[in-house]
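Single-structure report; data block below.
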Amino acid sequence: MRHRDSIKRLLPWLMPLFGLAVFVVVVQRAGPGRIAAVLTQADPVKLALAPVILAAIAVVRGLRWQYVANAVGIRYSLWRATQIWLIGFFASAVTPAKAGDALRAVYLRNDTGRPLGECFLTVFLDRLWDLGFVLVTGVVSALVFSHRYIAIPSVSLFVAGAVFIAAAAALMTHRRAMRVLLKPVVSLLTPPRHRGSMSAGFNTFYDALRAFNSSKRRALTMTLLTLAGWALIFALAIHIARTLAIPVDWKYLVLIMPIVTLVELIPFTVSGLGTREATVIYFFSIVGLDSAQAVGFSIAYLLVGTYLTALVGLALWVRYPTRWRAAQEAT
């Protein structure tokens, strides 16, 4: 039992090493010198435009989260929502499966004094819409790709996995089902003195969820904001490919990026390191591009699209450090 507990504690630290190992193998096989040649041919003028796209992405994402917060009765400014979204992005960039993004709920609670359950719901819904978009477009992209180009290995397993994730996410929105599923876990792992607060947070979460879902017009607004955000993300991928002078059609990039994004969500790596590069190599090889171009594109996309944005989030986190306890709890 003690040995098993030790493995469980070490697993979160070992998983990123798996992605790093895959990344090292991929880079070695593609050739570090050839990858460097791809990166050094970047057009500096075009590269300078990337931060403009990143800023637009941050504002749209901040706007969508602000809309969710306002919809459940939490007043929050767009400027502050965008700042905290960037901090959450930094936290998600350094944690497997982007779990660190939940940090936004702590900031929202501290800024507004609202219950943590309500605040966590805003992050949950914000991420749920992204997950729904990636799952739908990922499945469609896999099917279209298999029809037009070459059958993706285990495409049926890929689709089944996406359906399973979607079903699990849908299940999480049902109060009664989750109460039944979580009750044994809470009873086993939560001390009796904390069960009352856990129950209150649970009910607050689902009360706010019901309030948000009471308006159908909100679904249309969320759809439009989600599409706008992902259109900018696809535009960034296309822009990076053009900056590196990689001859890949923009429609092809839009087709494969949802699948690449799904692979990034696999909780074995941080920021999809390793698994993303292997996936891009596969898809680029279908249209005659070599592994160095694929890895160069993937690294540039990671550095610009993820780490540059995360760097801004880190600076904001240093400027506005996390207070884990709400002000009223600390007094």
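Just so we're aligned, residue 0 is where the sequence shown starts under numbering that gives the first Met the number 0, counting upward by one.
Don't be surprised by glycine CBs; every beta carbon is placed ideally from N, CA and C.
Remember, it's a predicted structure, so these values are computed and weren't measured experimentally.
Leaving out five residues on either side along the sequence, give the residues of the same chain with a beta carbon under 7 angstroms from the beta carbon of residue i.
| i | result |
| --- | --- |
| P257 | V133, T136, G137, S140 |
| D125 | R63, W64, V67 |
| W323 | V105 |
| F22 | L272, G273, E276 |
| I232 | I56 |
| L102 | I86, G87, A90, T321 |
| G30 | A291 |
| A227 | V59 |
| S297 | R275, E276, V279 |
For residue i, name the three-state secondary structure that DSSP assigns.
| i | result |
| --- | --- |
| K45 | helix |
| P320 | coil |
| I151 | coil |
| L272 | coil |
| A230 | helix |
| I73 | coil |
| Q40 | coil |
| G30 | coil |
| T189 | Note on T189: pLDDT 45, under 50, position unreliable in the model; the coordinate value appears next. DSSP places T189 in coil when its eight states are reduced to three. |
Relative to the C-alpha of residue i, which candidate in the options has its C-alpha closest?
| i | options | result |
| --- | --- | --- |
| R262 | V253, R275, L252, I255 | Checking the sequence shown, residue 262 turns out to be Val, not Arg. Among V253, R275, L252, I255, the Cα nearest to that of V262 belongs to R275. |
| K215 | A70, L53, A36, R60 | A70 |
| I34 | L301, A293, A314 | A293 |
| R28 | L307, I298, A277, L231 | A277 |
| I86 | R60, T111, V67 | R60 |
| T242 | G295, Y148, Y251 | G295 |
| A47 | V37, S91, H238 | H238 |
| P246 | L19, V25, V37, V23 | V37 |
| A41 | F233, R103, T321, A240 | A240 |
| A244 | A291, L254, L264 | A291 |
| A218 | G32, K45, L127 | L127 |
| L307 | M221, Y251, A49, T121 | A49 |
| T260 | V143, A227, K97, I149 | K97 |
| S284 | Y148, L302, W249, L264 | Y148 |
| V143 | V253, T220, G99, V44 | V253 |
| S145 | Y251, L302, V24 | Y251 |
| W229 | V24, G131, T94, T111 | G131 |
Give every residue of the same chain whose Cβ lies closer than 6 angstroms to the Cβ of residue i, excluding the five residues on either side of it in the sequence, and list them in chain order.
| i | result |
| --- | --- |
| R113 | I73 |
| F123 | none |
| Y106 | I83 |
| I280 | S290, A293 |
| G312 | L85, I86, F88, F89 |
| I255 | F282 |
| C118 | A104, L107, R108 |
| L235 | I52, G304 |
| G99 | A90, S91 |
| A54 | none |
| T225 | W128, F132 |
| L301 | none |
Determine the burial state of residue i: buried for a count of at least 16 other Cβ atoms within 10 Å of its Cβ, exposed for fewer.
| i | result |
| --- | --- |
| W78 | exposed |
| N109 | buried |
| T81 | buried |
| V317 | exposed |
| G287 | exposed |
| V51 | exposed |
| V151 | Here residue 151 turns out to be Ile, not Val, going by the sequence shown. Its Cβ being crowded by 16 or more others within 10 Å, I151 is buried. |
| A299 | buried |
| T121 | buried |
| L223 | exposed |
| S76 | exposed |
| G32 | exposed |
| A20 | exposed |
| D129 | buried |
| V44 | exposed |
Within the same chain, show all residues whose beta-carbon is closer than 8 angstroms to that of residue i, passing over the 5 residues directly before and after it, in chain order.
| i | result |
| --- | --- |
| T39 | none |
| A314 | none |
| V26 | I34, E276, V294 |
| T220 | Y66 |
- Message: Just to confirm the assignment: which complete alpha helix (DSSP H) runs, minimum length 4, are found wholly within the stretch 233-316?
- Response: You should have 249-263, 274-285, 290-300.
- Message: Please give the ranges of any alpha helix (DSSP H) in the stretch 86-138, keeping only runs that are unbroken, at least 4 residues long and fully inside the region.
- Response: Counting only runs of 4 or more residues that sit fully inside the stretch 86-138, the alpha helix (DSSP H) segments are 102-111, in chain order.
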